[in-house]
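In our numbering, the protein residues as written are 36 to 261.
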């Protein structure tokens with residue numbers, strides 16, 4: 036479908052709207068960098084890294100991917116995630132031995148939002164990432180889901196964001212059965228993945244649920260911090 040659209044409407048850069056390319060060289064140079072530690076207001080108890088601030092080309096990519104139907108940008112974001120994971124490994128932030136089997140767990144997405152967007156963009160980013168991770172057995176495990184009642188977090192205050200997700204993240208049983216046996220392997224790591232960390236409330240609740248299920252989380256990697 037995207038290829039057909041490009042015949043009528045030529046591709047434009049998802050970061051700056053320059054014509055002719057899905058992602059231009061200039062945006063590729065400046066949008067994402069090395070992972071940096073964040074200190075969100077709500078501490079999930081594991082390291083949280085972001086590849087950049089939520090602004091400029093990175094912000095445009097995320098908005099275009101999530102809100103404007105630019106599913107082609109998931110591959111761009113996935114490549115940034117791969118680069119970030121490689122940097123964390125090289126810098127010793129993630130144990131190279133554990134990365135022999137990496138499990139990427141996308142942050143949960145509201146069902147209605149995923150339906151409106153034609154899929155879960157975070158899961159799509161994770162899927163693109165594992166296809167290009169070198170020399171690793173990597174899997175995407177969509178282990179988390181929201182219960183009913185979770186609102187769009189845009190415009191919510193920090194306390195409202197906390198109340199919005201508190202007690203509303205659950206383990207998907209069918210994926211839990213996939214996740215827990217994988218962790219019995221001696222070399223495995225679980226990395227949460229999300230697009231933007233703001234207050235850290237969702238990451239905190241996600242880590243709590245995983246820990247309650249006996250899953251040790253190595254950290255959380257996000258595209259951007261706001």
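Each residue gets a CB set at the ideal place from its N, CA and C atoms; glycine is no exception. Predicted model only: the values in this text are computed from it and were never measured.
Here's a check: name, in chain order, each residue in its chain whose Cβ is nearer than 7 Å to the Cβ of residue i, leaving out the five neighbours to either side.
i           : result
residue 43  : For residue 43, the pLDDT reaches just 48, beneath the cut-off of 50, and the residue's location in the model is therefore unreliable, although a value from the coordinates is still provided. Excluding sequence neighbours, residue 43 sits near nothing in its chain.
residue 122 : 69, 70
residue 240 : 200, 201, 204
residue 105 : 49, 99
residue 88  : 259, 260
residue 53  : 47, 59
Using DSSP's beta-bridge definition, name the partner residues of residue i.
i           : result
residue 224 : 137
residue 54  : 47
residue 144 : Per DSSP, none; premise fails for residue 144.
residue 72  : 84
residue 231 : 259
residue 254 : 226
Going by DSSP, what residue range makes up the beta strand (DSSP E) through residue i?
i           : result
residue 122 : Premise fails: residue 122 lies in the alpha helix (DSSP H), 109-125, not in any beta strand (DSSP E).
residue 180 : 179-181
residue 205 : 204-206
residue 267 : The first residue shown for the chain is 36 and the last is 261, placing residue 267 beyond what the model contains.
Considering only C-alpha positions, which residue in the set the options is nearest to residue i?
i           : options            : result
residue 92  : 225, 181, 48       : 48
residue 187 : 178, 179, 197      : 197
residue 177 : 145, 110, 129      : 145
residue 156 : 185, 140, 194, 236 : 140
residue 96  : 250, 249, 247, 231 : 231
residue 248 : 229, 206, 238, 233 : 206
residue 233 : 83, 52, 165, 46    : 83
residue 160 : 244, 52, 116       : 116
residue 174 : 223, 180, 118, 189 : 223
In terms of residues, what are the limits of the alpha helix (DSSP H) holding residue i?
i           : result
residue 261 : Per DSSP, residue 261 belongs to no alpha helix (DSSP H) and is neither H nor E.
residue 98  : 91-102
residue 162 : 156-167
Can you find the residues in the same chain that come closer than 6 Å, C-beta to C-beta, to residue i, ignoring five residues on each side of it along the sequence?
i           : result
residue 163 : 109, 110, 113
residue 66  : 50, 92, 93
residue 236 : 77, 196, 197, 200
residue 41  : Confidence at residue 41 is low in this model, with a pLDDT of 49, below 50, so the placement of that residue should be treated as unreliable; the coordinate-derived value is given next. Excluding positions up to five away in sequence, the list is empty.
Residues in the same chain with beta-carbon distance under 8 Å from residue i, minus the five sequence neighbours each way, listed in chain order, please.
i           : result
residue 208 : none
residue 242 : 79, 80, 81, 227, 252, 255
residue 191 : 199
residue 244 : 179, 204, 205, 206
residue 167 : 113, 114, 117
Would you say residue i faces chain B, with C-beta separation under 8 Å as the test?
i           : result
residue 177 : Checking the listed chains, one finds no chain B in this structure; it contains a single protein chain.
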